[in-house]
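See below for the structure under consideration.
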Amino acid sequence: MRCSPAVTAAIGVVAVLLPFSNAKAQQADTVRAQVVDTTGGPELSLAQAMSIAQKNNPDHLRIVEERRTAVAKRRSAYGALLPRADAQLQGLYLAQGSTLLSGFAQGNGSNSVQSSYFIGLTYNVGTSTFLNPKIEQANVRAADADVSNSVSVTRSQIAQDYFTVLGDQAKAQLEDSLIANAQTALQLAKAKLAVGSGISLDVSKAEVNLGTQEVAAIKAKNQVAIDRLTLFQHMGVQQPQNSRLTTTYEVKAPSFTVDSVLALARADNPALEAARTRDESAKLGIRAAKGTYLPTLQVSTGLGGYTNRYTNSGFLVNQAAAGVRSCLVQDSIRVGAGLASQSAQCGSLNADGTLPAAQAAAIRTSNSAFPFGFTKQPFQLTATLSLPIFDNFQREQRVEEASAARNDALYVIRAQELKTTATVTSGYLTLQAQAQQVALQERTAVQAREALRLAEERYRVGLAPFLDVSDARSQFEQAESDRINAVYDFHKAFAALEAAVGRPLR
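Everything in the sequence shown is counted per the working numbering, starting at 418 for the first residue and increasing by one.
Following this line, the structure appears as structure tokens:
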């Protein structure tokens, strides 16, 4: 049987376009693998992204800074075990005149300047002195657990963002492959129309499908760019030009059991560890509050000295001369009364009633101690034992507050244990479900791809309308998109389970 010329020409067109269609189908097959970024630029693995985020993520760094505060409080608590040292240097200017002191007027015949110093040690000892270091040590361990929890949360966030971008890239490549497939279908529809075996409606449908596919590709690539920005935002750095994401994981059903990951979470979950260490701090807080019923001891000691200088040295010389004259007058009265003279004790005066030059010079020299010629004060040691009898129920209030804080800490532990159990269990179940979904979506995508191939073959030989090809392509696109979502949702579920446990699991 011979074919008509039109049919022969159509068969020739189909033979020419068939290799191109098969090549596009093979290109779609490559989307089934986990896709990595193939654009030129620096490589970025998931481990590198997590490391960068731990160094630059602002939310994580804020938690790290809070640990510094806890460490400073611990150092201060240990410092309270040592005596406090103080040093004081003081200067004073006193003008001439009278001052009232304790109800008595004291005169100052000349302007004067004074200086003094004091170096002292003070040691306070009480129950809190020895308990506070333990309390602050527990708080530091809690801060360490907070940092570990923040690391786990940050790693999980970066993993979620990283796999979201990889999933977006896989979808974008799928859309590109479907554009090529739609272009081939349009060429085939035009060729069949040209030889008379097709209709113009098929060409119009093919053009609509191509335009729709191009719009979908634009949206997919835009989503890649948006989710990339989110990834680098959470990393805390600017996005480099054309960076490539390189990490991929196989989809494997979890080999561990829910009981094993629950045991890991109960032992290593940093949020749970932080709650437990804060409970230790709360227990010590009760002991410290009850310790306020016990006495406290304060011991203080120190060394000091002072200087005093009159700005007018002649004032001291005249005062000394007046003293000698007064003594001589008193001595003359004694002699007149028939008593023995004590003039030798009064000293001597010059004929003009002034002090001898050597004695006056000595007085002026003794007036030059300011500012650092200190006269030492006697050593002193003070010990004070304090026992409050009644402080308006403040001690009782502190004990009740400490007890309430301990109960709150216990409730936090219980809540965190329940949350950890629920989150880990649900995360494990979700991971198992995602692994099953991946397997099902793999089979569905294979079937949808085969259906598309058959629809295209039937359309080429004229056994099916173009509508069958369009429907098969839509089903394949949906099935392949669902498969990609299932693959990367599995990896996201794995990252969420790791965050719930508090440590990496692969």
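For glycine and all other residues, C-beta sits at the position ideal for the given N, C-alpha and C.
Please read all numbers here as calculations on a predicted model, not as lab measurements.
For V530, there is no enclosing alpha helix (DSSP H); the residue is part of the beta strand (DSSP E) that begins and ends at 529-542.
As DSSP reads the structure, T713 sits in a beta bridge with S803. With a 10 Å radius around the Cβ and a threshold of 16 neighbouring Cβ atoms, Q864 comes out exposed. Using a Cβ distance threshold of 8 angstroms, A913 and S573 count as a contacting pair. L605 counts as buried, since at least 16 other C-beta atoms from the protein chains shown sit within 10 angstroms of its C-beta.
T718 is not a Cβ neighbour of L498, given a cutoff of 8 angstroms. Secondary structure of N824 (DSSP, three-state): helix. The criterion of a C-beta distance shorter than 8 angstroms is satisfied by V816 and K707. The residue from T571, D825, R877 with its alpha-carbon nearest to that of T601 is R877. V641 counts as buried, since no fewer than 16 other beta carbons sit within 10 angstroms of its beta carbon. A direct Cα-Cα distance of roughly 12 angstroms separates K836 from A692. Where Q507 is concerned, the enclosing beta strand (DSSP E) starts and stops at 501-511. Secondary structure at R923: coil, using DSSP grouped into helix, strand and coil.
Listed as beta-bridge partners of G721 by DSSP are F535. By the Cβ rule, the stretch 638-655 does not count as touching the stretch 547-560, because fewer than three pairs are nearer than 8 angstroms. G458 and R645 do not touch by the CB rule: their CB atoms are close to 11 angstroms apart, not below 8 angstroms.
In this model, D899 and P657 are separated by some 30 angstroms (Cα to Cα). Q797 carries a strand assignment under DSSP once its states are collapsed to helix, strand and coil. CA-CA distance, T571 to I596, rounds to 37 angstroms. Beta-carbon to beta-carbon, G584 and I830 are separated by about 38 angstroms, too far to satisfy the 8 angstroms threshold.
Taking a cut-off of 8 angstroms on C-beta distances, the stretch 783-796 touches the stretch 720-731, as three or more cross pairs fall below it. Counting along the chain, E667 sits inside no alpha helix (DSSP H), nor does DSSP assign it H or E at all. The beta carbons of V620 and K636 sit no closer together than 8 angstroms. Here the C-alpha atom of S462 lies approximately 16 angstroms from the C-alpha atom of K472.
Contact annotation: L827 and D696 have beta-carbon atoms nearer than 8 angstroms. Cβ-Cβ separation between V841 and L679: approximately 5 angstroms, consistent with a contact (criterion under 8 angstroms).
Judged by DSSP in its simplified three-state form, L662 adopts strand.
In this structure, P687 places its C-beta atom within 8 angstroms of the C-beta atom of S569. Sequence-distant Cβ neighbours of L804 in its own chain, meaning closer than 7 angstroms and more than five residues away, are P712.
With respect to the C-alpha of A916, the residue from S567, V488, A896, L618 having the closest C-alpha is S567.
Inter-residue distance for Q655 and F649 is about 6 angstroms (C-alpha atoms, whole angstroms). With contacts defined as CB atoms closer than 8 angstroms, L922 and Q833 fail to qualify as a contacting pair.
Setting aside the 5 residues that flank it on each side, A889 is surrounded in the same chain by A868, L869, A872, each with a C-beta closer than 6 angstroms to its C-beta; the list follows chain order.
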